[in-house]
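For the sequence shown, counting from 1, position 155 maps to 155 in the UniProt record's numbering; every step adds exactly one.
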Amino acid sequence: MMPRPLPADPMIRQLVRQAQQATLGRRTLLAGAGAGAAALALAACSTGGAAKPSAAADVSDSDKTIRWDNWALYIDVDDAGSYPTLEAFTAETGIKVAYTEAVDDNNTYYGKVKDQLALGKDIGADVACLTDWMVGRLIRFGYTQGLDHANIPNLSNLVPSLKDVDFDPGRSMSVPWQGGFAGIAWNKEKLPNGFTSVSELWDPSLKGRVGVLSEMRDTMGLIMLDQGVDISGKWGDSEFGAAIDEFKKQVANGQVRNIKGNAYKEDLVNEDTLAAIVWSGDIVQLNAENGDKWGFAVPEKGGTLWNDNFIVPIGSPRKKNVEKLINYYYEPAVAAEVAAYVNYITPVAGAKEAAMAIDPELANNQLIFPDDATLAKAHVFRTLDGTEEQKYGADFQSILLGA
Numbered sequence: 001m002m003p004r005p006l007p008a009d010p011m012i013r014q015l016v017r018q019a020q021q022a023t024l025g026r027r028t029l030l031a032g033a034g035a036g037a038a039a040l041a042l043a044a045c046s047t048g049g050a051a052k053p054s055a056a057a058d059v060s061d062s063d064k065t066i067r068w069d070n071w072a073l074y075i076d077v078d079d080a081g082s083y084p085t086l087e088a089f090t091a092e093t094g095i096k097v098a099y100t101e102a103v104d105d106n107n108t109y110y111g112k113v114k115d116q117l118a119l120g121k122d123i124g125a126d127v128a129c130l131t132d133w134m135v136g137r138l139i140r141f142g143y144t145q146g147l148d149h150a151n152i153p154n155l156s157n158l159v160p161s162l163k164d165v166d167f168d169p170g171r172s173m174s175v176p177w178q179g180g181f182a183g184i185a186w187n188k189e190k191l192p193n194g195f196t197s198v199s200e201l202w203d204p205s206l207k208g209r210v211g212v213l214s215e216m217r218d219t220m221g222l223i224m225l226d227q228g229v230d231i232s233g234k235w236g237d238s239e240f241g242a243a244i245d246e247f248k249k250q251v252a253n254g255q256v257r258n259i260k261g262n263a264y265k266e267d268l269v270n271e272d273t274l275a276a277i278v279w280s281g282d283i284v285q286l287n288a289e290n291g292d293k294w295g296f297a298v299p300e301k302g303g304t305l306w307n308d309n310f311i312v313p314i315g316s317p318r319k320k321n322v323e324k325l326i327n328y329y330y331e332p333a334v335a336a337e338v339a340a341y342v343n344y345i346t347p348v349a350g351a352k353e354a355a356m357a358i359d360p361e362l363a364n365n366q367l368i369f370p371d372d373a374t375l376a377k378a379h380v381f382r383t384l385d386g387t388e389e390q391k392y393g394a395d396f397q398s399i400l401l402g403a
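See below:
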């Protein structure tokens, strides 16, 4: 099987080659793991009842540095291990960026920094990129700094659908970095008819060959959508309970073979699983590495849509520098360069047009630059309060630990 041809542009060819060689992705999460992980997740939900800390004094005018914590393989990298867009940012602004792949999972990262956040202390990062629901928690606890939109004029390029979200109305505290879908993937050689619904994963002919994600909001979100629940709207214990019962049934009867984070990709490659609930960007990378072997669909009843977001921790003394960084990455040409590497959804309007000049195949990929029809089938899992996080998280973890 031949991989897709690389684009002609040397810089973009380097970026795409790096993505094709990647064996780990941004969505690396704990694969259900053990009781320690479950305890950490539940304990994290109950933190934050004390008085909210105050923001640090800003020293950006005299200190031209930024420390950025992000996920693995989530920014453009060249063959020398440098970050071309970050180097260009430093050349343009004089601000040096220490970039660290410090986020391996939302809960484990939070577990490392929550004590400093609660005290308003510097956590060692001026900006971090975390997923919607975790950002909602940090905002609720008062652990983030307000953003000055006057310092981010390119925020006008934020796609309209992301300008106002329930966990951060008006985007006063957070700005999207990259996003993606959770949907269904299948081996096109073994299952040429493909899939249009989650229910099709429960076909007896697939017993023991189905994988699902260890991220509760994606796996449960897709099952709830399949059952007719608007996961963005009003729902509660009854709706979640019906979905968790279905999930428990399919795990108990052996229909579901694996419940994993990013490691699910290996199961698809070695054909331990033939169909799975997956993250969109991973399938783009898998097909680039192995040939066009897997299909992907947002189910007819809907898939989940998530974003990872820039936030400035309460103890960072360099907020103004971070606002310049955000502004830079909201330039469409820069956003297109990042998208060519990470293969996730850019939140920047105009990036698709910029990408068209670089690599038309990438620009026309619905998993990287989805059109309105694709986005209409994607739903954001509504923000949970602390009590719901504990309860629903415990229900989900109990199945993972027993699988």
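We treat Cβ as the ideally placed atom computed from N, Cα and C, and that holds for glycine. Keep in mind the model is a prediction, meaning the values are calculated, not measured.
Can you tell me the Cα-Cα spacing of residue i and residue j, whole angstroms?
i	j	result
Arg209	Glu300	22 Å
Arg318	Asp203	53 Å
Val165	Val59	30 Å
Ile314	Leu286	38 Å
Leu213	Trp306	14 Å
Phe369	Val256	31 Å
Gly94	Phe181	36 Å
Pro347	Gly236	30 Å
Ser62	Val380	40 Å
Asp395	Gly233	21 Å
Leu158	Tyr341	20 Å
Lys377	Ser197	12 Å
Gly295	Leu268	11 Å
Ala75	Val278	For the record, residue 75 in the displayed sequence is Ile; it is not Ala. Cα to Cα, the separation comes out at about 21 Å.
Arg363	Asp105	Note that residue 363 is Ala in the sequence shown, not Arg. Looking at the two C-alpha atoms, the distance is approximately 29 Å.
Trp68	Val127	5 Å
Glu388	Arg382	11 Å
Asn258	Glu289	22 Å
Asn321	Asn154	15 Å
Met220	Ala351	31 Å
Thr90	Pro332	18 Å
residue 459	Val113	For the chain, the structure presents residues 1 to 403; residue 459 sits outside this window and is missing.
Asp372	Gln366	10 Å
Val260	Tyr83	Contrary to the premise, residue 260 reads as Lys rather than Val in this sequence. Straight-line Cα distance between these residues: approximately 29 Å.
Gln390	Glu361	43 Å
Asn187	Thr374	21 Å
Ala125	Ala98	9 Å
Val251	Leu138	33 Å
Tyr110	Leu119	14 Å
Val284	Glu246	29 Å
Assign residue i to one of three DSSP states: helix, strand, or coil.
i	result
Gly180	strand
Phe396	helix
Gly236	coil
Phe296	strand
Ala39	Note that Ala39 has pLDDT 44, beneath the 50 cutoff, so the model's placement of it is unreliable and no number is given.
Pro317	coil
Gly291	coil
Assign residue i to one of two classes, buried (16 or more other C-beta atoms within 10 Å of its C-beta) or exposed (fewer than that).
i	result
Ala357	exposed
Gly81	exposed
Thr273	buried
residue 410	Here the chain has residues from 1 to 403 only, and residue 410 is not among them.
Asp282	buried
Ser205	exposed
Thr100	exposed
Leu401	exposed
Asn107	buried
Gly241	exposed
Gly291	exposed
Can you list, in chain order, the residues of its chain with a C-beta nearer than 7 Å to that of residue i? Leave out the 5 residues immediately preceding and following it.
i	result
Val334	Thr85, Tyr328
Glu323	Leu147, Asp148, Asn151, Ile152
Ile12	Bear in mind that a pLDDT of 35 at Ile12, under 50, signals an unreliable position, so the model cannot answer this.
Leu222	Ala182, Val198, Ile277, Pro299, Gly303, Thr304
Lys280	For the sequence presented, residue 280 should be read as Ser rather than Lys. Closer than 7 Å at the Cβ level, and outside the excluded window around Ser280, lie Gly180, Phe181, Gly183, Phe296, Leu367.
Which residues in the same chain as residue i place their Cβ atom closer than 8 Å to its Cβ, once the five residues preceding and following it in sequence are excluded?
i	result
Lys248	Ile399
Glu189	Lys293
Asp230	His379
Asn253	Lys207
Pro176	Leu158, Leu162, Asn307, Asp308, Asn309, Phe310, Pro347
Glu239	Met224, Gln227, Val229
Leu24	For Leu24, the predicted model reports a pLDDT of 42, less than 50, meaning its position is unreliable; a value from the coordinates is still stated below. Ala72, Leu73, Asn262, listed in sequence order.
Leu117	Pro53, Ile123, Leu138, Phe141, Tyr143, Pro313, Ile314, Gly315
So residue i and residue j are in contact, right, with Cβ under 8 Å, and what is the actual spacing, rounded?
i	j	result
Phe310	Ser172	With a Cβ gap of about 13 Å, Phe310 and Ser172 do not count as contacting.
Leu325	Ile66	6 Å
Tyr344	Gln178	4 Å
Gly194	Ala297	7 Å
Gln145	Ala55	5 Å
Leu130	Val103	7 Å
Gly393	Met216	6 Å
Leaving out five residues on either side along the sequence, give the residues of the same chain with a beta carbon under 6 Å from the beta carbon of residue i.
i	result
Asp122	Gly315
Gly142	Lys52
Ala276	Ala185, Gly211, Tyr264
residue 453	The first residue shown for the chain is 1 and the last is 403, placing residue 453 beyond what the model contains.
For the ligand SAM, any of its heavy atoms closer than 7 Å to the Cβ of residue i?
i	result
Arg318	Questions concerning the ligand SAM fall outside what the structure shown contains, since it holds no ligand whatsoever.
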